[in-house]
Amino acid sequence: MQNERQKLVKELAKECTTVDDVHEKIRDLFKDTLQEIFEAEMEEHLGYQKHDNAGDNSGNSRNGYSKKTIKSRFGESEISIPRDRNGEFEPRIIKKYATTSNQLEEQIVAMYAKGMSTRDIEDHIKDIYGVDISANTVSKITDKIIPLITEWQSRPLERVYPIVYLDAIHFKVRKDNRIINKAAYSVLGITMDGLKDILGIWIGENESASFWLGVCNDLKNRGVEDILIACKDGLSGFSEAVSSVFPQTEIQLCIIHQIRNSLKYVSYKEQRALMADLKKVYQALTLEEAEAAFEAFKERWGQKHPIIIRSWEKNWMELTAYFKYPYEIRRIIYTTNAIEGYHRQLRKVTKTKTAYPTDESLKKIIYLATMEISKKWNMPQRDWKKCISQFHIYFNERLNAELAL
């Protein structure tokens, strides 16, 4: 086999004097190989070889060829696809209505997943392979992943998730000749094994209790029966929705976001002093210590910054949920950094795109990027064995029901 290959290479090399000659020979070789595969597939379909008398009165026979120009990474090639009289034959290697090879389509999808626009992909394919593929064709090729997105978004989920994180990332999308802001709302779950998994992504304009109710019902319909702790940013309407669908779920509001929102109202000169007092609140060892520190904080800063005080008082229950847990669990739930890290990786892929033409195009790039990002999520959360043992103590009956299944 190796000798035959070397012989073929030597024969081709004799006829080539430039790189373009090499490309042309490879394209011809690609075309001739495809043709041989078509003939073999037709023979298998009919059950007899070409010109064999075994085909007489068999009920079906060859019926000439149809021409097609196929685009591959070797350039454009005109091929002849055999036909049968009953019109039943369809090549397996290149489908009847396909105009691009699988390899080229895979390259196009891979480039799209990296954040390249359809126009950039069109230019790149032309420069590298000498193939003219319109932006519309690129869009149609990437549309083939839409059924995969639908399947992924509706896949069955686990019965219990110890922790889920919720957050949103915003994009610009065209609608009715206008560019509007839309959010991709993500739900990242931590499984019983401590692994991260994106449970779903929902595109919407306005978050509300009814919106989040739809998200929670979607999770429940896909098999989620219980969430132990839900960690969120200041998402409007989420607490009411999750309490309706998962009434036992504890909610932890992200401390880091609360601090950032508080500092918006503080001058630069005061920030260091105010943060020193605020650290005594959220870094306290117990809830009682945090409450005492907050009383001291109010006495010092209450008159100057009543907005900050009101915000912490309003959200106190959700801000302090983590105090009942040991350090290993506190470290994971006091911030939504896990899902923010995922969003930062999404932004690396989408940052070159100023606006998306449709919701579907936004879903495609988010899905492809998510598949790439999640390939690296093969290690459990740090100290997860300690965390899960603590969860079994705090949520004994709920997790024992999971183990009993």
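The numbering of the sequence shown is numbering that gives the first Met the number 0, which starts it at 0 and goes up by one. A virtual CB, placed ideally from N, CA and C, is assigned to each residue, including glycine.
Apart from the five residues on each side of it in sequence, which residues of its chain come closer than 8 angstroms, Cβ to Cβ, to residue i?
i	result
His44	Asp83, Glu87 and Phe88
Ser60	Leu45, Gly54, Asp83 and Arg84
Lys313	none
Ile178	Lys171, Val172 and Ala354
Asp410	Nothing in the structure corresponds to residue 410, since the chain is present only between 0 and 404.
Gln344	Ala368 and Ile372
Asp175	none
Leu361	Phe170, Val172, Lys181, Ala183, Ile202 and Tyr355
Arg397	Val159, Asp225, Leu227 and Gln247
What is the C-beta distance between residue i and residue j, in whole angstroms, given that I count them as a contact (C-beta under 8 angstroms)?
i	j	result
Thr248	Leu227	7 angstroms
Cys253	Lys231	7 angstroms
Ser79	Gln34	7 angstroms
Gln251	Ile332	5 angstroms
Val223	Arg299	Their Cβ separation, rounded to whole angstroms, is 44 angstroms, which puts Val223 and Arg299 out of contact at 8 angstroms.
Phe237	Trp211	5 angstroms
Lys347	Ile144	20 angstroms between Cβ atoms; not a contact.
Lys297	Ile308	5 angstroms
Glu40	Pro90	6 angstroms
Thr190	Tyr160	7 angstroms
Ser261	Ser310	7 angstroms
Ala229	Gly203	The pair is not a contact, with the Cβ atoms about 18 angstroms apart (cut-off 8 angstroms).
Glu38	Pro81	7 angstroms
Using a Cβ-Cβ cutoff of less than 7 angstroms, which residues in the same chain neighbour residue i once the five nearest sequence positions on both sides are dropped?
i	result
Glu339	Asp166
Ala112	Leu367, Ala368 and Glu371
Leu194	Trp376 and Pro379
Asn180	His169 and Lys171
Lys385	Glu327
Thr319	Leu286 and Ala289
Ile120	Ile107, Met110, Tyr111 and Val137
Tyr96	Note that Tyr96 scores 46 on pLDDT, short of 50, meaning its location in the model is unreliable; the coordinates nonetheless yield the value given after this. Excluding residues within five positions, none has a Cβ falling inside 7 angstroms.
Glu359	Ile145
Asn399	none
Is DSSP giving residue i helix, strand or coil here?
i	result
His50	coil
Gly58	coil
Val223	coil
Gln34	helix
Tyr96	Any answer about Tyr96 is weak, because its pLDDT of 46 lies below 50 and its placement is not dependable; what the coordinates show is given next. Residue state, collapsed to three classes: coil.
Ile197	strand
Asp83	strand
May I ask you to list the residues that DSSP assigns as paired with residue i?
i	result
Thr68	Glu77
Asn176	DSSP lists no partner for Asn176.
Ala183	Ile168 and Ile202
Gly251	Position check: residue 251 holds Gln in this sequence, whereas Gly was assumed. Cys230.
Tyr324	DSSP lists no partner for Tyr324.
Gly188	Val163 and Asp196
Can you find a CB in chain C that lies within less than 8 angstroms of the CB of residue i?
i	result
Glu38	Absence of chain C from the displayed structure is noted, only one protein chain being present.
Which same chain residues end up closer than 6 angstroms to residue i when comparing Cβ atoms and leaving out the 5 residues on each side of it in sequence?
i	result
Thr117	Ala134, Val137 and Ser138
Phe394	Leu227
Gln152	Gly199
Glu317	Ile250 and Leu252
- Within the segment 144-169, note down every full alpha helix (DSSP H) run reaching 4 residues or more, in order along the chain. Fully contained in the segment 144-169 are the following alpha helix (DSSP H) runs of length 4 or more, in chain order: 145-152.
- Query: Can you give, in chain order, each stretch of the beta strand (DSSP E) that sits fully within the segment 329-354 and has at least 3 residues?
  - Reply: The beta strand (DSSP E) runs lying completely inside the segment 329-354 and spanning 3 residues or more number zero.
- Can you check the segment 237-302 for any alpha helix (DSSP H) of at least 4 residues that lies completely inside it and give the ranges in chain order? Runs of the alpha helix (DSSP H) spanning 4 or more residues and lying entirely within the segment 237-302 occur at 237-244, 254-262, 267-281 and 286-300, in chain order.
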